[in-house]
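For reference, the structure is listed below as structure tokens.
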Amino acid sequence: MAVNYQDLGFSNTTEMFQQAMADGYAVPAYNFNNMEQLQAIINGCGQSGSPVIIQVSSGARKYANQTMLRYMGEGAVRMAEESGYKIPIALHLDHGDTFELCVSCIESGFSSVMIDGSSHSYEDNVALTAKVVDYAHQHDVSVEGELGVLAGIEDDVEAAKSIYTDPAQVEDFVEKTGVDSLAISIGTSHGAYKFKPEQCTRNEKGILVPPPLRFDILEEIERRIAGFPIVLHGSSSVLPEYVNIINENGGKLTAAVGIPEEQLRKAAKSAVCKINIDSDGRLVVTAMIRKVFAEKPAEFDPRKYLGPAREELTRMIIHKNEQVLGSAGRG
Ligand code: G3H
Ligand code: 13P
Ligand code: ZN
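FYI, the numbering used here numbers position 44 of the sequence shown as 93, with every residue one higher than the one before it.
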């Protein structure tokens, strides 16, 4: 039986983005696959007073079971209420690739969906996105579309090179599809290896510094569709402190590099209203689990290593909301 997202206590993203645009910050969109990640997201956003988009990829649905995830989302709303957190929470499908998947999520109570038609031709992307918008808007659900291709893995489709968004296409795409927000490609990419070392320089601490994002493309897009909410995917910073903990405790992440936080802060002050972060959370969890295993090799109670991972993830999320997205205190 279909359920409506309002009945579950979720918010759609329309008002979230209007406020973010007016006040110059971005709403965080954190991915989750398990309970500890979701608890950390709700506690981190609740404690910093930030609106939040909790997002589910199709990979997450395969891993954790779609019904389980949807009830976890509902549980997150109840947990926030009981904890006294007065923050809007949107439940969002990340990188939906078919109309049917979007319909399934909308019918199960998602308040927002992404239809990622970026691997299709422009015309097919427009047609697929418009079809999803038509259905979603009948249920008051917001839709994110994508123009341009991010390097890395986009829902099983691996792109070797990014194709930056062509600003000349955005007005036509937004008008023809009726989307509520648009994910663009300006140099971010998915995962922990966003740039090759040879594309980077090294700072005084020896840390790899990637080339800057293409703010010129972002500005041109903002000029053409003024006031329209823009989304940045692939926006983890691959924080060196966690990469170091992983490598000091038996891991092997060599030449991992992300988007510097100052660049994301700058983007969040513009028309960028939603910033997607997944890999940074994965790195925190892996770092803390490896540390516990290295320091206490006799430990075998999952609560003893997932607990510290959850605590550190909560701290990292508060840091992001306060120092990077500017969303703290806006819930
Ligand atoms: O954009 C990709 C997200 O990080 C989700 O990744 O498809 O491995 O769940 P996943
Ligand atoms: P990261 O891999 O940079 O965290 O990007 C996540 C993302 O874009 C989810 O859609
Ligand atoms: Zn993404």
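Quick reminder that beta carbons are idealized off the backbone N, C-alpha and C, glycines included.
Not one heavy atom of ligand 1 lies closer than 8 Å to the C-beta of residue 221. Separation of residue 364 and residue 172 (C-alpha to C-alpha, rounded to the nearest whole angstrom) is 43 Å.
Classified as buried, residue 244 has 16 or more neighbouring CB atoms from the shown chains inside 10 Å of its CB. By alpha-carbon distance to residue 122, the top candidate from 93, 134 and 157 is 157. At least one heavy atom of ligand 2 lies less than 8 Å from the C-beta of residue 237. Judged by DSSP in its simplified three-state form, residue 163 adopts strand. Its Cα nearest to that of residue 118, the residue 105 stands out among 105, 127 and 128.
Counting only the Cα atoms, residue 342 lies some 8 Å from residue 298. About 18 Å separates the CB atoms of residue 193 and residue 215; that is not less than 8 Å, and the two are not in contact.
Per DSSP, residue 219 lies in no beta strand (DSSP E) segment; the continuous alpha helix (DSSP H) that holds it begins and ends at 216-226.
Residue state for residue 348 is assigned as coil, using DSSP reduced to three classes. Residue pairing by DSSP puts residue 230 in a beta bridge opposite 193. Around the beta carbon of residue 195, 16 or more other beta carbons lie within 10 angstroms, which makes this residue buried.
With fewer than three CB-CB distances shorter than 8 Å, the stretch 255-275 does not count as touching the stretch 57-75.
Closest option to residue 51, judged by alpha-carbon separation, among 285, 310 and 116: 116. Per the coordinates, the alpha-carbon of residue 99 lies some 10 Å from the alpha-carbon of residue 92. Between the stretch 312-319 and the stretch 349-361, the count of C-beta pairs closer than 8 Å stays below three; the two stretches do not touch. The residues 75, 232, 233, 235, 237, 313, 316, 321, 323, 324 and 325, in chain order, have a CB closer than 8 Å to that of residue 281 in the same chain once the five nearest residues on each side in sequence are set aside. In terms of CA proximity to residue 284, 241 leads the group 266, 241 and 274.
Shown here, residue 77 sits in a strand according to DSSP, grouped into three states.
A distance of 9 Å or more separates the beta carbons of residue 85 and residue 332. Note on residue 110: 16 or more other CB atoms within 10 angstroms of its CB, so buried under the neighbour-count rule. Closer than 8 Å to some heavy atom of ligand 2: that does not describe the Cβ of residue 167. Placement of the Cβ of residue 199 at a distance of less than 8 Å from at least one heavy atom of ligand 3 is found.
Taking the Cβ of residue 106 as the reference point, at least one heavy atom of ligand 2 falls within a distance shorter than 8 Å. Rounded to whole angstroms, the separation of the alpha carbons of residue 302 and residue 200 is 19 Å. For the pair residue 213 and residue 167, the Cα-to-Cα distance works out to about 11 Å.
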